[in-house]
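The opening residue of the sequence shown carries number 1 in the numbering used here; numbering runs sequentially from there. In this text, a Cβ means the ideal position worked out from N, Cα and C, and glycines have one as well. It should be emphasised that the depicted structure is a prediction, and the values quoted were computed from it without experimental measurement.
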Amino acid sequence: MNIHAVTRPIIAVFMGMIGLTPLQASDIEGVVTVMHRLTKPKVTTSAMSYARGPAVELHSDPLKDVLALERARVVVYLEGSFPSTPLTGTMEQKDRQFLPETLVLPVGSTVSFPNLDPIFHNVFSFSKPKEFDLGNYPKDHTRTVTFSKPGVVYVNCHLHPNMAAAIVITPNDWSARADSLGRFKLSGVPPGAYTIVAWHKAAGFVRNNITVSADHTTTVNFLIPLGEDATVVAQR
1 MNIHAVTRPI IAVFMGMIGL TPLQASDIEG VVTVMHRLTK PKVTTSAMSY ARGPAVELHS
61 DPLKDVLALE RARVVVYLEG SFPSTPLTGT MEQKDRQFLP ETLVLPVGST VSFPNLDPIF
121 HNVFSFSKPK EFDLGNYPKD HTRTVTFSKP GVVYVNCHLH PNMAAAIVIT PNDWSARADS
181 LGRFKLSGVP PGAYTIVAWH KAAGFVRNNI TVSADHTTTV NFLIPLGEDA TVVAQR
């Protein structure tokens, strides 16, 4: 079962600080249901039309199911500032795409952007949580950025307008990307009241208030997009 779950050693330290034992921590799990296609097809020039360097074929995603692709683009996380463990992530520039196109990491994390194509690439962002421009650099070179504020950072390439990605910097360690079936799981959450968020680049944010009980799995199901025929369902 390919579920992206986050369980960090520092969470155990946090629980100890507030008088909780690991046995009292609980999981939050659920399923994201996407009703229809949300992401517009990318329009890009052919590989042969590039004037700089050799031709590079455009990346093709192995997931052919459109709704499976949309479900895998959803990030689920808890709001609230709690101790977090900064990580090091990687977003490759390969086959004229950013891979993965959606990356989720806790605040304080660093992302490396290696160029794996035999052409120059660039990485930049104008997003409020982190503005940067890493310049143009060739194959087998990389640049890194550290993200000190939570939020969604949209990433692009000045040289190739079709290249776009998003980095979701969460305020704590409780975060996950849904898998192709829409399943997600947040592990080791102390009992309490929380706001849980599901984010999709095209659909935006869907929030819901939940209560986590000791030693009891909390189930939260998201229906996206949220509209007249869509609701957020949470149950204990």
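Look at Glu101 here: in three-state DSSP terms it is coil, with no helix or strand label. When DSSP reads this structure, Glu29 sits in a beta bridge with Lys185, Thr219.
With at least 16 other beta carbons inside 10 angstroms of its own, Asn115 counts as buried.
With a threshold of 16 other beta carbon atoms within 10 Å, Gln24 falls short and is exposed. Buried is the label assigned to Asn122, since at least 16 other Cβ atoms lie within 10 Å of its Cβ. Thr211 is a Cβ neighbour of Ala193, given a cutoff of 8 Å. DSSP, read as helix, strand or coil, puts Arg143 in coil.
Excluding sequence positions up to five before and after Ala166, its CB lies within less than 8 Å of the CB of Glu101, Thr102, Leu103, Val152, Val153, Tyr154, Val155, Lys201, all in the same chain and listed in chain order. When Val76, Ser125, Met163 are compared, the shortest CA-CA separation from Phe98 is found for Met163.
In this structure, DSSP gives Ala198 an extended state, which the three-state scheme calls strand. Here Val123 carries a strand assignment [DSSP, helix/strand/coil].
DSSP places Ala166 in the strand class (E or B) of the three-state scheme.
Beta-bridge pairing by DSSP links Ser175 to Tyr77.
Of the other Cβ atoms in all chains shown, 16 or more fall within 10 Å of the Cβ of Arg71; this residue is therefore buried. By the Cβ criterion, the stretch 166 to 185 is in contact with the stretch 69 to 87, since at least three pairs of Cβ atoms, one from each stretch, lie closer than 8 Å.
8 Å or more divides the Cβ of Val206 from the Cβ of Val75.
Counting the other Cβ atoms within 10 Å of the Cβ of Glu131 gives fewer than 16, which makes it exposed. Taking all protein chains in view, the Cβ of Thr218 is crowded by 16 or more other Cβ atoms within 10 Å, so the residue is classified as buried.
Pairing Val111 with Thr90 gives a Cβ-Cβ distance under 8 Å. If you look at Arg71, you'll find it isn't in any beta strand (DSSP E); it sits in the alpha helix (DSSP H) that goes 66 to 71. Rounded to whole angstroms, Phe184 and Ala214 show a C-alpha spacing of 20 Å.
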